[in-house]
Structure formats: structure tokens, C-alpha cells
Amino acid sequence: MRWPVTADAGTSIRMAIARIDRSDYRGIVVVDDEDQLVGTATVDQLRQALRDGAAPDAPVATAVDEEPTVVDASGWRRTVDTDSEARENAADETVVTPVVDEEGTVIDVTVAERLDRPAADAEPTAAGVDRVLVVGGAGYLGSVLCRQLLDEGFDVRVLDPLLYGDAGIAALTDDDRFTLYRDDARSVDAVLEAIDGVDAVVHLGGIVGDPASEIDPEKTLEYNLHSTQLLASLCKYHGITRFLFASTCSVYGRSDGDTERLAEDDARNPVSLYARLKIQSERVLRELADEHFAPTILRMATVYGRSPRMRFDLVGNILPVKAYSEGVVPVFGGDQYRPKVHVADAARAYVECLTAPIEDVGDAVFNVGSNEQNYRIDELATIVEDCFPDASIEYHDELTDERSYRVEFDRIRSVLGFEPGHTIRDHCLELREAFEDGLYEEYTATRYNNYETLDQAPSFENTTAVLESDDDEPTTERPHEKLPSGEV
């Protein structure tokens, strides 16, 4: 007799972890060939065994609690060893409990959220995920995602070198369910400390945007590819099955024709180092994927919207602020297609992937956005102009960004029921209200721009220097003033 939360004694530790991840519960019952109880283990016990040096292919029987709490056939709960350290550590988890007959044969499996509560009261946690590590959680998207995760009841850890400062997460540091590790995913020690005890990892880290990625290509390679390889490999070894990776629709680059929408399996045509490294990172993750490691790749449309770590080097954000502050909506080229998604909607896509059955999202690629927000740059400018009546579009013939692609978002809608709740027009009206309230008056300040922040830093290595040199004064010369043709 077998249930989704049971395993034979010879099952490997990593296979047992994968089975737990697919069961929505945080533990497993181990039996021998005759269904006699061998013991139980929580997912944290198994991951701790790996951290203590156990081989991933070692039998799970070597890492179980051999004297667990059981329920007998009459429904009575009996605790064999009330002082079990493993049981104490599992007290706040949804754990599996074997039901045994008089001979010690497992005849059923039930669950109990706590050992002092009836099994019938238990409910599984959403997809078995309670603790999430967000790499790059202090950034533009990460700071929004962290708040959504906390609101949903998750414990949140952030691993971030704070290259762009801590404004995005400073307000969260007093929350008991939030922990910040100021380091980055290039460090083995930092990664091992940050992933200890987590159920899932969301990787948003790296140097973001085309211009910022070109400042120091070697450092970008370290941050954007090598760290992904390291992080994913360590997660796989330590039994962290759920791994969400932030990719970009920029991997589609310049499409041959703009009439057809590009789906996840269509050809990619990157035109920048940033996009090429995203493709290489995707390849690394897909090669690591197996029944023990199920990465989800999220190719995001161009993100816009307000964030605790605000950016004005994104076309969807800079056009409204220029319309309000300067009375112009500058457009370079204009016929380039670029899909858009609000930062809050993008963050919600990650939450939905974390709570979805792993069979639905594991080893999968999703474009994140909506078919309705596939805009040409001049269409975007028209919406902005409508929201700021005193502004007018200012066309420029020169093309500063050759990317142009329309993207299909049917897969994420079909699998997750994902529907963005924000529009460009809503965003423009929200920003206009913020401007009228006196916010973002210094929108040209270095802190709002990825390229300028890193370009003025003595070194990516010296993140303290980045914080100390973060100039709050508006800059007069902007090396990519022609930004509105695309995002960075």
C-alpha cells in the first residue's frame, strides 16, 4: 500500500524530498518492503541531513525519526518518543503521521498541523511552501514581491548586495518574518546560509538592463550567469526543488515580422549582452532540471509601475514623468513593438507559481504579461499624452533601440489563470497623482537609474561605495537620454 507521502526505505533522500514537494505536505512516512513503519521525516530534516554531509542518493531511512508519533487503527494517537528533537523542530509544520495496526504495519497516512491537535483539523500549506528566499529582493520587482509574499503569509528572506541601496526593503526589516542577508549569489557561503531551511528560491538578482550590463561585461557575466549556475546547483544539491528565475521577453530581440506574436517555444533573437546571458541562464536551468529540481522560467514583458525601489529608466515610467515635468512625450522611432506588464502584476505571477502544483509549473517557461498590452512605442506615447493633456508627443527619427517583438501570453493564462489587473492608463493616472503630491520631483537622481548608479560606483565589488556615492541630486547629463525607444 502506498500514498503520495510514503517512500520505501531505499528511496534516496533527494527523491524523498521531490516526493514531498509534489505532495503539498512537509513530511514523508518511510516503510519497508512489508509496509512496516521505518520512520518519518520532515522536508527540513532531510535538507538538514544534506547540509550535514549526507549524500543526496543516500537511503532516506538513514535520515528519519525512527520513533515518530503514530495513530493506531482505532484512531488514538500515541507518541513513542515525546522528547524527539526532530518532533520539536516540526511542531509548527503540517506533518504526516502514519496510521498503524497492532503489528506496526502502516495502513494509512494522515496529517496533523501540530502533534497536539487532531489530524482531522489539518490542512496542507499552499504547495508545501512556507519559507521563500528572494535573491535580488531589494530591487524594483523584488521589493514589490517581498511585500506580496509577506501579505500572503510567507516567511521571506532576501539575499541582495544592495547595489542600488536598501530603500526598497528598509521598511520591512522590523517584520519578524523578514530576514535580509546583505551579500550576493556569487558567494558559496552566502548562498548556503541564505537557503538554509527555505522551501523555494526566487532568483531576481543580477545586473538589470542593457546599458547597465555593458558597463563591465565581465562583472555582468559573474552576476547574471555564473551566480545563476552556482545558486541553482546548490539548490538542487540541497533538495530545494522549486526555483523561479526572472528572465525577459528581450530574449526575442528583433523579430523578423511584427504581425505574429512570439510564444515560449519560438525562436529567440537577442541583440544585447543582457538578453544573451538570460538565454544562457535559461539553458543552464533547463539542463539541471529533473525530477529533483523543477525550475520555472518567467520571461517578463517590459515592467512599469510604482515600486518602493522606484526606477525612471524604464520607458513606461519615464514617459509619464517627462509628460508631467517637461510637457513632452519623446518618441525615438516609434514603430517598435514592446509588451508591457505592471510591476505588481509581474510580482503576482511569482506568487502564483509558488502556490501552484509543481507539476504545472516545474521545468516550464512562461511569458509574463498580456496580449492586450503588446504596444508599439508610439501607441504607448499616445496613451501617455491622453493622460497629460498639457503634454504633446515629440517624434525623433533616430532609432536608439532596435528591439521589436510582439509576445503571446496564452500559456500563463491557460495554466495559472493569470490576468494582469493594471493598465498603462491606470499607471499614468497614479503617477500623475504622485507628481501632484510632490513625489519624484528629482526623477533624474542617480538612485532612480540602474546605469548611472553602477556607472558612478567605484566597483561592483564595493557595494558600500555604491551606497555612499548614491547622489540624490538630479543629473544634468544623461548618457541614454533617448531612452523612450525602449527599456533598460
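Here the sequence shown stands for residues 218 to 705, numbered as in the numbering used here. Just so you know, even glycine gets a beta-carbon here, dropped at the ideal spot from N, CA and C.
Selection from the options that minimises the alpha carbon distance to residue i
i: Asp392; options: Leu358, Tyr657, Leu366 and Pro428; result: Leu366
i: Asp416; options: Tyr440, Leu379 and Asp372; result: Asp372
i: Val488; options: Val578, Pro512, Leu447 and Val468; result: Val468
i: Asp483; options: Asp643, Val545, Val624 and Ala561; result: Val624
i: Asn486; options: Leu536, Gly382, Tyr622 and Asn588; result: Tyr622
i: Glu477; options: Met232, Met527 and Asn588; result: Asn588
i: Val313; options: Gly370, Asp614 and Ile245; result: Ile245
i: Met286; options: Ala266, Ala271 and Pro315; result: The sequence given here has Thr at residue 286, not Met. Nearest option by C-alpha distance: Pro315.
i: Phe549; options: Asp562, Glu615, Arg493 and Asn591; result: Glu615
i: Ala563; options: Ser464, Gly414 and Asp238; result: Ser464
i: Glu284; options: Leu646, Asp347, Ala258 and Gly354; result: Ala258
i: Tyr381; options: Glu319, Met527 and His420; result: Met527
i: Val419; options: Ala387, Phe395 and Ala449; result: Ala449
i: Leu714; options: Thr396, Leu502 and Leu389; result: As shown, the chain starts at 218 and ends at 705. That puts residue 714 outside it, with no answer to give.
i: Pro525; options: Tyr665, Asp413 and Glu369; result: Tyr665
i: Leu494; options: Ala506, Phe462 and Gln673; result: Phe462
i: Gln553; options: Asn591, Arg236 and Gly655; result: Asn591
i: Pro637; options: Pro428, Met517 and Gly551; result: Met517
i: Tyr567; options: Tyr440, Cys363 and Arg523; result: Cys363
i: Asp272; options: Gly370, Gln673, Lys453 and Gly551; result: A small fix is needed here, since residue 272 is Ala in this sequence, not Asp. Nearest C-alpha to Ala272: Lys453.
i: Ala711; options: Tyr242, Arg243, Asp672 and Asp274; result: Shown here, the chain extends from 218 to 705; a query on residue 711 therefore has no answer.
i: Thr670; options: Pro428, Ser240 and Gly345; result: Pro428
Residue i - DSSP class collapsed to helix/strand/coil
i: Met232; result: helix
i: Asp507; result: strand
i: Asp274; result: coil
i: Ala484; result: coil
i: Tyr554; result: strand
i: Arg620; result: coil
i: Ala258; result: strand
i: Arg348; result: strand
i: Arg253; result: Just to set this straight, residue 253 is Gln in the shown sequence, not Arg. Strand, per DSSP.
i: Glu636; result: coil
i: Ala355; result: coil
i: Pro512; result: strand
i: Pro378; result: coil
i: Asp654; result: coil
i: His613; result: strand
i: Pro525; result: coil
i: Leu438; result: helix
i: His455; result: coil
i: Asp577; result: helix
i: Leu461; result: strand
i: Val538; result: helix
i: Gly533; result: helix
i: Asn591; result: strand
i: Thr572; result: helix
i: Asn584; result: strand
i: Val361; result: helix
i: Asp603; result: helix
i: Arg471; result: strand
Beta-carbon gap between residue i and residue j smaller than 7 Å
i: Ala511; j: Gly579; result: yes
i: Tyr789; j: Phe460; result: Not covered by the structure: residue 789. The range shown for the chain is 218 to 705.
i: Val361; j: Leu376; result: no
i: Arg555; j: Thr519; result: yes
i: Gly422; j: Ala402; result: yes
i: Val323; j: Val317; result: yes
i: Ile600; j: Arg642; result: yes
i: Val538; j: Val558; result: no
i: Leu254; j: Ile230; result: no
i: Leu358; j: Val532; result: no
i: Gly470; j: Arg620; result: yes
i: Ile575; j: Asp347; result: no
i: Ile514; j: Glu499; result: yes
i: His644; j: Tyr521; result: yes
i: Pro547; j: Glu611; result: yes
i: Asn667; j: Val288; result: no
i: Leu379; j: Ala355; result: yes
i: Glu481; j: Val582; result: yes
i: His455; j: Leu267; result: yes
i: Tyr491; j: Phe652; result: no
i: Arg374; j: Thr396; result: yes
Within-7 Å CB hit, residue i to chain C
i: Met517; result: Among the chains in the structure shown there is no chain C, since it carries only a single protein chain.
### Query
Does the segment 566-579 come close enough to the segment 606-616 that 3 or more CB-CB pairs lie under 8 Å?
As far as the Cβ criterion goes, the segment 606-616 does not touch the segment 566-579, which means the pair count is below three.
### At least three beta-carbon pairs within less than 8 Å, the segment 269-283 to the segment 244-253
Output reads yes: the segment 244-253 touches the segment 269-283.
### Message
So, does the segment 395-411 touch the segment 428-438, judging by three or more C-beta pairs under 8 Å?
### Response
Counting Cβ pairs under 8 Å, fewer than three are found: no touch.
### Task
Pick out the complete beta strand (DSSP E) segments inside the segment 367-435, 3 residues or longer, and give them in chain order.
The qualifying runs are 372-376, 395-398 and 417-420.
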